[in-house]
Amino acid sequence: MPIRVLMAKPGLDGHDRGAKVVARALRDAGMEVVYTGLRQSPEQIVHAAIQEDVNFIGLSCLSGAHNSLFPKVVQLLKSEGAEDIVVFGGGVIPAGDIPGLVDAGIEAVFTPGTSLEEIVAFVKERVNRQNA
Amino acid sequence: MPSSWQRQLAKSITRIENMEIDALAEMAQLPLDNSSIHVIGVTGPPGGGKSTLCSQLIQRLAKEHKVAALLVDPSSPYSGGAILGDRIRMQALGANPNVYIRSLSNRGHTGGVSSSVVSILRTIMSYGFDYCIIETIGAGQSEVKIASIADTTLVVAVPNLGDDIQAFKSGILEIADIFVLNKADLPGVDLLYAALRESAQKQQDGWTTPLCQTVAIEGSGIDELLASVHMHRQWLNEEGRLVEKRKQAAKFEIIELSSFMLQHHLDQVPADILATHLTRGEFNLLQRLDEVYRELIISLGEV
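Protein chains in written order, with this note's numbering: chain P, 1 to 132; chain L, 133 to 435.
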């Protein structure tokens, strides 16, 4: 059954080429990817994720706001009873920030230079773990 | 934030989309002839403004009503995956608790929608929505299945995609209950209007296809379009036309479910062995199918 992923751009960052490249790679791996466009709030992202019943949310942020916005998404998912949705992130994220994000519930962070194969593999392997 | 009933609905839709047998069995009990909902189909060429138009319609209707929207995008012919991008045009609707929006892949179905769409409609109807808007994929001339599913079908046309001969051809232009001439601020809209009026507008059984001009991105022409939509619904309410429409939707579902069931069972047969027999001409599949279906129809006649 197709894996459903929401690719989202939280915050005011206006660059979505990266998000689109990842979306296409996931599509090419047989997944259904909902892309909701630029300048989304964490509330809008979680709202869409629930209506779309996605398995994953991919958050892309290039403006440096990841430390506040990414954990907010995870928190909102929890308060809505949707913590089964797996969150991963990418963008301009300093290596030093990654442990904090992982602690806050972002399961993987893919910084520039990550291969698309790696991202696809993460999603597929995570689904297998969920089903097991 | 969407309330828990929205989460429940979302999960039901997923199970139906994935053709889970128990989910399909549950929804078969839900009626399609619910007369308190109006199902509006929106179709037209890619880039014609369907999503923007749908967003405007939803916004107006959701001021006083509960509105659901099913937005269909095509799947990849190579991977089976899909980019579902209609929701982008609907960002303004995010916070409205009266609105439920769901993006669907057509999963290879060639009619413009997905094969489970009528089954999904049964579930939507059971949640008390006043309207359900179904947006097809960017459609070509022969993607016409939406007309068998929706109560009112809007065909969106835009200027400069062809001349009067295009308007004269068969297919998608014939299924319109209402024509929407979107991007009506572009030059060429008068030619489009004339071509549709001359070659595509129909008068049938007391309904003449209205030609509504809109500039969806600005929100103009939307109130007039909604007035035509409501008039069509009133026309459907007469002479039992609405029930006939819902029967057509049920017929679409029959074909889709049959096809799915056949595939489901065939998947369990060692396909290789069956294929070998068929290639060698050792097995008359057609005769077997004929026997099986004849038995099925007789038993259905006894329902």
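We put the beta carbon where it would ideally sit given N, CA and C, even for glycine.
By the criterion of a C-beta distance shorter than 8 Å, ALA155(L) is surrounded in its chain by SER144, ARG147 and ILE148, once the five residues flanking it on both sides are discounted. Residue state for SER60(P) is assigned as strand, using DSSP reduced to three classes. Residue burial annotation: LYS315(L) is buried, with at least 16 other C-beta atoms found within 10 angstroms of its C-beta.
Residues of the stretch 52–70 of chain P with a C-beta less than 7 Å from any C-beta of chain L: GLU52 and ASP53, listed in chain order. The DSSP-derived three-state label of LEU236(L) is strand.
Here the alpha carbon of ILE297(L) sits roughly 27 Å from the alpha carbon of VAL245(L). Residues of the stretch 228–247 of chain L with a Cβ closer than 7 Å to any Cβ of chain P, in chain order: TYR232, ILE233, ARG234, SER235 and SER237. By the C-beta criterion, the stretch 340–354 of chain L is judged not to be in contact with the stretch 207–215 of chain L, since fewer than 3 inter-stretch pairs fall below 8 Å.
For ALA48(P), the neighbours in chain L by C-beta distance under 7 Å run, in chain order, ARG219. Boundaries cannot be given for VAL92(P), as no beta strand (DSSP E) includes it and DSSP labels it neither H nor E.
Sorting GLY30(P), ASN67(P) and GLN40(P) by C-alpha distance to the C-alpha of ASP103(P) places ASN67(P) at the top. Listed along chain L are SER208, SER211, GLY213, ALA214 and ILE215, each with a C-beta nearer than 8 Å to that of ARG27(P). In the DSSP assignment, GLY433(L) falls within the alpha helix (DSSP H) that extends over 417–433.
Proximity of PRO99(P) to chain L, defined by a Cβ-Cβ separation below 9 Å, is not satisfied.
Counting along the chain, the unbroken beta strand (DSSP E) around GLU267(L) starts and ends at 263–267. Among the residues facing chain P, GLY226(L) is included, as its CB has a counterpart in that chain under 9 Å away.
In the three-state DSSP reduction, LEU12(P) falls in the coil class, being neither helix nor strand.
For a Cβ distance threshold of 9 Å, nothing in chain L lies close to PRO10(P): the least Cβ distance comes to about 13 Å. Cβ contact annotation for CYS264(L) (same chain, cutoff 8 Å, sequence separation greater than five): ILE169, HIS170, VAL171, ILE172, VAL199, ALA200, ALA201, LEU202, LEU253, ILE256 and MET257, in chain order.
For chain P, none of the residues of the stretch 167–192 of chain L brings a beta carbon within less than 8 Å of one of its beta carbons. The alpha-carbon of HIS241(L) is positioned some 18 Å away from that of GLN380(L). Per the coordinates, the alpha-carbon of GLU434(L) lies some 11 Å from the alpha-carbon of GLU427(L). By the beta-carbon neighbour count (other beta carbons within 10 angstroms, threshold 16), PHE261(L) is buried.
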